[in-house]
Amino acid sequence: MNDAAPRSREAIPRIARLYRFQWEPVQNAYVLLFPEGMVNLNVTAGEILRRCNDQDSAALIIADLQRVFEADDIGPEIDEFLQSAAQNGWIEWRDPVAS
Amino acid sequence: MSAVLQSAPIPLWLVAELTYKCPLHCPFCSNPVDFAANQTELSTAEWCRVLQQARALGAVQLGLTGGEPLSRPDLHELVAEARRLGFYSNLITSGVGLNETRIRALKDAGLDHIQLSFQDSTRELNDFLSSTRTFELKRRIAALIKSHGFPMVMNCVIHRLNIDHVERIIDLALEIGAEYLELANTQFYGWAHLNREHLIPSREQLGRAEAVVAAYRQKIGDRLRILYVISDYYETRPKRCMNGWGTTFIVVTPDGTALPCHAARVLPGIEFPSVRSTSVQDLWLNSPAFNRFRGDAWMPEPCRSCPEKSQDLGGCRCQAWLLTGVVDATDPVCDKSPQHGRVVEIIRRRHSDERIVPLVFRSPESSIQLLNRAAVPPGG
């Protein structure tokens with residue numbers, strides 16, 4: 006499946022195998038670590054990726070962030086970020102398992 | 047967190063040279079030629095203390111290198127401590143010494159990534175340059191690394207003798223399933239500096255290699271990311287060496303000497319601190335050695351008034367010393383340097399066929415011979 010293509014909000018993102026996502030206290034920021042490199046994340050990117058836990062759908066992540074940031078209109082921005090994160094190879098998608 | 051730490055640079059990278067022992071004998075090794083003089087390696091407990099202290103300062107990338115780091119039987123213990131502390135650990139290896147038991151122990155300890163070196167894409171040249179029969183072994187090790195799910199970087203140092211194989215080197219990286227390929231033009235320090243005239247490629251070779259890399263990048267996209275390290279002798283501006291002295295990297299040598307870069311020990315008149323007697327925080331923040339080339343107050347002309355000084359930071363101090371005999375000089379790769387002619391002359395000599403010395407393979411024996419001779423004088 007092409008991870009860079011726009012996905013339904015029911016799809017579930019997780020941090021890609023090549024990357025490790027963690028909080029760096031000295032930098033006071035979340036980072037993505039990969040072989041011999043690091044991506045510094047701003048607050049928004051960190052809060053989105055923190056929720057890419059292989060359990061919650063994009064829809065759930067968006068709803069949660071809307072509640073936390075008290076902003077109802079940030080859905081499209083989060084969609085856009087997730088799409089570019091997939092293009093960069095930071096996250097992978099899986100489809101929800103039918104229950 | 048203290049105010050001091052917030053205003054100071056963070057040493058994001060800790061390069062741990064665990065040992066100078068190495069089964070390979072590559073004539074372009076970046077280790078110092080006098081490595082045989084350094085016999086006492088840090089203990090497991092000493093390395094763990096260094097990891098703890100560096101991590102508290104904000105170090106997050108850990109390079110486990112050498113020599114051959116697999117020569118250390120306690121490697122998995124160091125990896126486990128690194129993982130516990132939150133480092134991203136990179137094992138930089140020739141692959142020699144890796145087997146099912148050890149790779150499992152490293153996986154269990156939390157190793158994040160393995161960088162595997164090849165010396166060439168052909169058995170003949172790989173085995174000649176490393177002075178070992180390791181090409182087929184390295185291919186098996188690559189498969190072992192993949193079967194354990196590690197991200198893998200294939201590294202190949204390139205130079206006059208193998209640069210024309212760049213296409214096949216990329217094919218090899220694709221074949222073994224590497225996620226990244228580091229094509230690193232030789233940087234001329236240590237053994238590579240000693241063997242410089244054998245290793246400098248021609249401008250035509252470089253041009254062809256760069257065209258091959260560009261074509262492959264178009265063709266293969268993200269399947270394999272190719273990192274191409276340029277050959278700076280052919281540039282007209284110097285590299286921003288180690289991202290700036292004392293800004294990002296701490297290299298700790300097998301005997302515990304802390305350096306701002308792999309090669310800095312060659313620089314005269316600078317006393318480099320030891321992790322045995324100084325804490326990592328103290329040596330990073332306060333040692334004269336790490337402060338020596340921070341900022342731009344040390345710069346002579348033409349750097350001092352140069353509009354580009356904040357980009358290249360005056361270039362590489364070791365290169366300035368090796369090529370001009372002056373530690374503070376502008377890196378002579380820069381064509382604004384009054385000594386740029388020395389680099390031009392080195393390239394000219396490479397194109398003539400004057401061979402002054404035979405190729406010297408890295409070994410403890412040659413290291414001792416070189417120690418007993420007068421040191422290679424800088425400026426040449």
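Chains C and S, in that order, give the protein sequences. Residues in the first sequence are numbered from 6 upward in steps of one, following the working numbering. Residues in the second sequence are numbered from 47 upward in steps of one, following the working numbering. No residue lacks a Cβ here, since even glycine has one placed at the ideal position from N, Cα and C.
query: Range covered by the beta strand (DSSP E) that runs through isoleucine 160 (chain S); result: 159-164
query: Contact between the stretch 364-380 of chain S and the stretch 266-277 of chain S (3+ Cβ pairs under 8 angstroms); result: no
query: Collapsed DSSP secondary structure at threonine 303 (chain S) in the structure displayed; result: strand
query: Beta-carbon proximity list for valine 125 (chain S), same chain, < 8 angstroms, skipping 5 on both sides; result: Leu110, Ser135, Leu137, Leu152, Ala155, Gly156 and Leu157
query: CA nearest to the CA of arginine 394 (chain S), picked from S:Glu243, S:Asn332 and S:Ala375; result: S:Glu243
query: Whole-angstrom distance between isoleucine 17 (chain C) and arginine 99 (chain C), CA atom to CA atom; result: 5 angstroms
query: Status (buried if at least 16 other CB within 10 Å, exposed otherwise) for phenylalanine 234 (chain S); result: buried
query: Contact with chain S by arginine 25 (chain C), beta-carbon distance below 8 angstroms; result: yes
query: Listed by chain order, chain S residues near glycine 94 (chain C) by CB distance under 8 angstroms; result: Asp268
query: Chain C contact for glycine 341 (chain S) (CB, 8 angstroms cutoff); result: no
query: Limits of the unbroken alpha helix (DSSP H) element including tryptophan 367 (chain S); result: 363-370
query: Cβ distance (whole Å) where proline 306 (chain S) is taken to contact glycine 292 (chain S) below 8 angstroms; result: 5 angstroms
query: Cα-Cα separation between cysteine 222 (chain S) and proline 115 (chain S), rounded to whole angstroms; result: Rather than cysteine, the amino acid found at residue 222 (chain S) in this sequence is isoleucine. Between isoleucine 222 (chain S) and proline 115 (chain S), the C-alpha separation is close to 22 angstroms.
query: For valine 212 (chain S), the nearest candidate out of S:Lys285, S:Ser167 and S:Pro78 (CA to CA); result: S:Ser167
query: Pair within 8 angstroms by beta-carbon distance, arginine 311 (chain S) and cysteine 380 (chain S); result: no
query: Range of the contiguous alpha helix (DSSP H) that encloses glutamine 107 (chain S); result: That residue, glutamine 107 (chain S), is in no alpha helix (DSSP H); its beta strand (DSSP E) goes 107-111.
query: is_contact[proline 18 (chain C), chain S] using C-beta, thresh 8 angstroms; result: no
query: Contact set between glutamine 32 (chain C) and chain S, taken where Cβ atoms lie within less than 9 angstroms; result: Ile56, Leu58, Gly104 and Val106
query: Within chain S, partners of valine 36 (chain C) - CB distance below 8 angstroms; result: Val106
query: Buried versus exposed call for arginine 72 (chain C) [16 or more other C-beta atoms within 10 Å across all chains shown]; result: exposed
query: C-beta neighbour in chain S for glutamate 85 (chain C), strict 8 angstroms; result: no
query: Buried versus exposed call for aspartate 342 (chain S) [16 or more other C-beta atoms within 10 Å across all chains shown]; result: exposed
query: For alanine 257 (chain S) and glutamine 264 (chain S), the rounded distance between their alpha carbons; result: 11 angstroms
query: Bridge partners - threonine 139 (chain S), DSSP secondary structure assignment; result: S:Leu162
query: Straight-line Cα distance separating proline 346 (chain S) from proline 197 (chain S); result: 44 angstroms
query: Terminal residues of the beta strand (DSSP E) in which asparagine 241 (chain S) lies; result: It is not in any beta strand (DSSP E) - asparagine 241 (chain S) carries neither H nor E in the DSSP assignment.
query: Simplified DSSP state of serine 277 (chain S), which is helix, strand or coil; result: coil
query: Where valine 321 (chain S) falls: helix, strand or coil (DSSP); result: coil
query: Cα-Cα separation, isoleucine 266 (chain S) to leucine 218 (chain S); result: 13 angstroms
query: Test: methionine 6 (chain C) CB closer than 8 angstroms to a CB of chain S; result: No answer about methionine 6 (chain C) holds up, because its pLDDT of 46 lies below 50 and its placement is not dependable.
query: Cβ neighbour criterion (16 or more within 10 Å) applied to glutamate 127 (chain S); result: buried
query: With 16 other Cβ atoms within 10 Å as the buried cut-off, status of tryptophan 93 (chain S); result: buried
query: Chain C contact residues for asparagine 172 (chain S), given Cβ-Cβ distances below 7 angstroms; result: Residues of chain C passing the Cβ test: none, with the nearest at roughly 22 angstroms.
query: N- and C-terminal bounds of the beta strand (DSSP E) containing tyrosine 24 (chain C); result: Taken as a continuous stretch (DSSP letters only), tyrosine 24 (chain C) belongs to no beta strand (DSSP E), as it is neither H nor E.
query: Beta carbon proximity, alanine 29 (chain C) to chain S, threshold 8 angstroms; result: Note on identity: in this sequence residue 29 (chain C) is glutamate, with alanine being the wrong assignment. Yes, glutamate 29 (chain C) counts as interfacial toward chain S.
query: Distance, phenylalanine 39 (chain C) Cα to leucine 87 (chain C) Cα; result: 18 angstroms
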